[in-house]
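Trainee: The sequence shown begins at 117 in our numbering and counts up by one. C-beta: ideal position from N, C-alpha, C; glycine also.
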Amino acid sequence: MNIDRLFAPYKPTTTHLVDSLEYWSREKPDHLAFTFLKDGEQDEVLVTYTDLHDAARAIAAQLSQYNIQGERVLLLYGPGMDFLKGFLGCLYAGAIAVPAYPPRRNRSMNRIESISDDAKPKVVLASFDVIERAETMLEEFPRLKAIPWIATENVSLNLKDDWVKPELQSDDLAFLQYTSGSTGNPKGVMISHGNLIQNLTMIAYAFETDQTTRGMSWLPSYHDMGLVGGLLNPLFTGCPTVFMSPMAFLQKPVRWLRAISNYGISISGGPNFAYDLCTQHITDEEMEGLDISSWAVAYNGAEPIRAATLQNFSRRFASIGFNASSLYPCYGMAETTLFVTGKSRAEKPTFQAFDNDSLHEHRVVPVSPDAEGARVLVGCGKMLPNEDVAIVDPQTYRRLPHGKVGEIWINSPSVGKGYWNKPSRSQQTFEAKLADSTTGPYLRTGDLGFIRDDDLFVTGRMKDLIIIRGVNRYPQDIELTVEQASNRLQNGAVGAFAIDIDGRERLVVVAEVQRARRKDWSDVIQSIRHDVASEHDVPPDGIVLVRFGSIPKTSSGKIQRHACRDSFKDESLKTIASWFAWENADQVSMPTPKVRTKVATGKEDPALVELVMSQIREVGRERAKNLTIETNIVSDLGLDSLERLQIANGIEEFFGKRFPEEVLQDIDTIAAVVRAIRENFDDISQPLATLSKSAVTLSSNRSEIPESDYDFSQMPEYRRLLKTKKLLASTGLPNPYFSVHEAIVRDTTIIDGREMLSWASYNYIGMSGDPVVVKASQEAVAKYGTSVSASRLVSGEKPIHGELERGIANFIGVEDAITYVGGHTTNESTIGHLLGSGDLIVHDSLSHNSIIQGAILSGARRRPFKHNDWQELDEILSEVRHEYRRVLVVLEGVYSMDGDFPELPKFIEVKKRHKVFLMVDEAHSIGTMGAHGRGISEHFDVDPREVDIWMGTLSKTFGSCGGYIAGTCELIEYLKYTSPGFVYSVGLPPSNAAAALAALRLLEDEPQRVAAVQHNSRFFLTEARKRGLNTGLGNNTPVVPVVIGNSLHALKLSYELFERGINVQPILYPAVEESAARLRFFITSTHSEEQIIRTVDAVAEELKKIDPKYLEFNIDEETVTPPAS
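1. If residue 200 and residue 347 are in contact, beta carbons under 8 Å, what's the gap, nearest whole angstrom?
2. Alpha carbon to alpha carbon, how far is residue 493 from residue 467? Give it in angstroms, no decimals.
3. For residue 691, which beta-bridge partners are listed by DSSP?
4. In this structure, does DSSP put residue 140 in helix, strand or coil?
5. What is the DSSP secondary structure of residue 1091, counted as helix, strand or coil?
6. Identify whether residue 654 lies in helix, strand or coil by the three-state DSSP scheme.
7. In the DSSP output, which residue or residues are listed as bridge partners for residue 383?
8. Output the distance between the C-alpha atoms of residue 181 and residue 1180, rounded to the nearest integer angstrom.
9. Exposed or buried, residue 194, counting other C-beta atoms within 10 Å across all chains shown (16 or more means buried)?
10. If we define contact as Cβ-Cβ less than 8 Å, is residue 399 a contact residue for chain D?
11. Out of curiosity, what's the CA-to-CA distance linking residue 824 and residue 835?
12. Measuring alpha carbon to alpha carbon, tell me which residue in 745, 1227 and 277 is nearest residue 1142.
13. If you pair each beta-carbon of the segment 1002 to 1019 with each one of the segment 1145 to 1157, do three or more pairs fall below 8 Å?
14. By DSSP's criteria, residue 872 is part of a beta bridge. Which residues make up the other side?
15. Apart from the five residues on each side of it in sequence, which residues of its chain come closer than 6 Å, Cβ to Cβ, to residue 305?
16. In the DSSP assignment, what are the bridge partners of residue 698?
17. Can you tell me where the alpha helix (DSSP H) holding residue 1157 begins and where it ends?
18. Determine, using beta-carbon pairs with one atom in the segment 404 to 421 and one in the segment 374 to 381, whether at least three such pairs fall under 8 Å.
19. Specify, as a first and last residue, the run of the beta strand (DSSP E) that residue 165 falls within.
20. Residue 174 and residue 275 - do their beta-carbons sit closer together than 8 Å?
21. Counting only the same chain and skipping the five closest in sequence on each side, list residues whose C-beta sits under 6 Å from that of residue 813.
22. Looking only at DSSP bridge pairs, what is residue 151 linked to?
23. Is it buried or exposed for residue 121, if we count other Cβ within 10 angstroms and need 16 for buried?
24. So, with DSSP's three-state summary, where would you put residue 1008?
25. Where are the alpha helix (DSSP H) runs, 4 residues long or more, that stay fully inside the segment 186 to 259, in chain order?
26. Between which two residues does the beta strand (DSSP E) carrying residue 395 extend?
27. According to DSSP, is residue 536 helix, strand or coil?
28. With a threshold of 7 Å on Cβ separation, who are the neighbours of residue 1075 within its own chain once the five nearest residues in sequence on each side are excluded?
29. Using the C-alpha atoms, what's the distance from residue 515 back to residue 100?
30. For a test of the three-state rule: what should DSSP assign to residue 606, helix, strand or coil?
31. Which whole runs of the beta strand (DSSP E) in the segment 476 to 563 are 3 residues long or more, in chain order?
32. Is the segment 350 to 364 touching the segment 414 to 433 in the sense that three or more CB pairs, one from each, lie closer than 8 Å?
33. Whole angstroms are fine: how far does the CA of residue 1072 sit from the CA of residue 1050?
34. What does a CB cutoff of less than 7 Å around residue 979 pick up in its chain, not counting 5 residues either side in sequence?
35. Does the Cβ-Cβ distance between residue 469 and residue 156 come in under 8 Å?
36. On the DSSP bridge list, what partners appear for residue 628?
Structural data, given as structure tokens:
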């Protein structure tokens, strides 16, 4: 099977995946390998082949400390790049990777512990959030707790140079696939490096993957199809791939097709249910603008493939470019690594009707699709070179001729080495021999099928495995749960099986009851539904309670599941009570959940509760008749995971926000949904105000209040803080925050008795500590005291207040000003007071927290626009201005996180055109922009009266504390008599007012301070860029970011600079996105060029040690705006 032409013009080594990635990292070092869509839409995480190679080497070097070669490593990750890096790190270390589904609740920890007990891993690799989630459960699982757990985010890339490449042989194990086996008896398929390369070669050959191929996957990475087909095959072939989480697709299926359209994807697929989901849930409106004509291979496998599904999908999406010949039914399983049979690209899928009764008799009789008893099957493709797919009589072990139904046996170099630590089971399954041939050994699949015209058709299974939506579920696990659901059920007398109803695989449970006379069995049925749904995340579709002693069993007392299924189909079970989800609502006897309601308080806003209930009713329909605040949508209503995601999607669309994925997995009651909205969505009051005011009446019975609602230590917000601090502590680096400065902070500071260069102070023009400013402050204290001791409206007004406010107004060039005791308070109180319900606040997407909080407090509708994009603002206002009373647009003169500024004249034009208020926050631009420091209006030479509200702080340029609002006399008068932050607050202390006034007068007398800070800012920026540092959006202001895009590295850099006598603070996740983690330098007029050169040299030297890629940033100098004259 030669695939060299598919690699052209490249010639990669195909010995094992470590060699493959090494090759691509040399030949395509900066080419994108993977794009992960964090939100399933546009939030991209990009990784190159070099990124993966470096990460894998570093993780492998870390693992080598545990003498890991040939040992197992358990992988517990949510969706994303971290899993792939961890998996590759195992291969690079010569270890055996053991992917598993990450823990959610204790029930999934049971499964993980079973896998761990079987595989006996030496180390657990996981993401930090998974480790934190697991910590609360590990006390109950001491064997898991005893294993070392490593958060791979904390592994330093510096370790990559310590990597020693292992000598890997074809028969060495690469990973264990635990996709089969019950919870109590997990089976890990042993996949060698040779198995993996052979299967990847087969997939490339069958799919005809070349260097123009683009892949896309939403499949879970711990599953064989998602791991081998979705992630490892692109690494083998060197083709870029886009992927998203399964949750993102299941919640909103159009995301799959949208990604295919946006990225020109040629290969993607999933189980049969995924195609049904798209057909059923993607609307005409969502299809508008999509083009999926690039999709050449739409593979379908992992569960029974239905002809109607494929035909309906083709018809539904033909209008947006889908070609029916792209449909690619295939066959495979974990025991064969993944892929077994498939068609060539040029062939159309095969649909053929057969007589169903004959198939049950293991005979193949083709009939017309319209014939009575016809069953249409889909061909799963042909055998590939170097493999043998045999149809075998499972009793005689003899090969059957084409046209006969038998067990499917496979001989292929892709077949795994057996089940880990299960030699007897491995011999039975992986080493089968034909009675009439010396070929083999063969894998016994347990599937039934036949070959016709070289096409493999799968008709069913010999065993009792239940496959629903592509996930294997074992009847014995479900049966045990049912037995324990009620003491009225007979032990050892429960049968669980799947049956096709209306084209969908349904879970049915048959259970014997104990001898008892009773008419109402609804509580037993409800208990079964509750426990099965809670434990296995799939609610039963049918429950049948039968008489004592009537369930079919073998002579040895084992349940005969096939006989159970047959008796169910022919209605011969001795039924006492039953419930079926697929029947008409009026015919269903559903137990009503017990009413356990509680009063709707501020915590359970009636409008919010009603919103959640309405979404549940829309999805649950007749199952959602009796809802209360405590209704469990899993166990009480029997909603499955897809239906719960539909509910979440409706809520997200209503608020225009997204739940974190870990939250989606755990919301199971209406109260939990409400709590999740409160904890994860800000500013929900305005959307809720649009709902009808219909009352939601809840009873006064109040259930137990959770500790998190009255104990600060249990508050989720505080727990998140602890998580962040723990992440910080896990690095081994000291906490950089709350350092104690023992002197005036100007260009230098003193920390722990040590003089250091300071880049962490807003003392932009050296006013704090200036002798003139200090003296003015001291004199004011002596004259007026340390406090004005009241609100200025009452008795706290001092002459110095009026002098300061007149001085600020005159300096800016407007009529009047008002001062507040804090900068944050100034924005909160002004914005929150001037606007209200029925108004709109439109702000820059990078606005300061004080602006956002003010907008939230106002009760007005809040809407961000793209950073500095006056055109998008214009479009928004053109669309919505007429819907609101007042509209306030808020900008910043200099953005404190990024160091750039808006094109003020353009925003003024937009303000005038739409008749809105314009507010500019000049916290970082007053004193630093314009020839005389009068701010952004002077910089652009615009009349300051064109802006309605000027805001600034007194703590930066003015070397004091507090904030101000400046504007018209009418604005200031209104605020002085009504603004809560002024009327109900003590006035500015005399010392602060005097300091600010002295600084203002000094600024007017000494504009050279402004020139100095502007010169230093440009000099720092230029020198940083000369050294290849990424200064982000920095634009000749005293705020200069150095963007790292990695919180750990930003923290490390800050620490190393501190050790070199340079103090600069890191900004880390979650304060910013991980990709925006940075150091932020505040430049002052007192810094010297020598200090700047010393600092940027130190930054470059330390970053080179961390990773030289941080010195490769280039920027067009012409994009930098020159300072104003």
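Mentor: Once the coordinates are examined:
1. 6 Å
2. 6 Å
3. 662
4. In the structure shown, residue 140 falls within a helical segment according to DSSP collapsed to helix, strand and coil.
5. helix
6. coil
7. 331 and 413
8. 34 Å
9. buried
10. Here there is only one protein chain, and chain D is not present.
11. 10 Å
12. 1227
13. yes
14. 865
15. 293, 450, 451 and 532
16. BP columns for residue 698 are empty, so no partner.
17. Taken as a continuous stretch (DSSP letters only), residue 1157 belongs to no alpha helix (DSSP H), being part of the beta strand (DSSP E) at 1155 to 1159.
18. yes
19. Premise fails: residue 165 lies in the alpha helix (DSSP H), 165 to 180, not in any beta strand (DSSP E).
20. yes
21. Confidence in residue 813 is poor, its pLDDT being 37 and thus under 50, which makes the residue's placement unreliable; the coordinate value appears in the next sentence. Its chain contains no residue whose beta carbon lies nearer than 6 Å to that of residue 813 once the 5 sequence neighbours on both sides are disregarded.
22. 162 and 358
23. exposed
24. strand
25. The DSSP assignment places complete alpha helix (DSSP H) segments of no fewer than 4 residues inside the segment 186 to 259 at 197 to 208, 222 to 235 and 244 to 251, in order along the chain.
26. Element bounds for residue 395: not the beta strand (DSSP E) but the alpha helix (DSSP H), 388 to 397.
27. coil
28. So the list reads 879, 883, 884, 886, 889, 1111 and 1115, once near-sequence residues are dropped.
29. Absent from the model: residue 100. The displayed extent of the chain is 117 to 1241, so no value can be given.
30. strand
31. 490 to 494, 504 to 508 and 522 to 527
32. no
33. 14 Å
34. Counting only Cβ-Cβ distances below 7 Å, and skipping sequence neighbours, we find 956, 958 and 992.
35. Result no, Cβ atoms of residue 469 and residue 156 do not sit closer than 8 Å.
36. Under DSSP, residue 628 takes part in a beta bridge, and its partners are 662.
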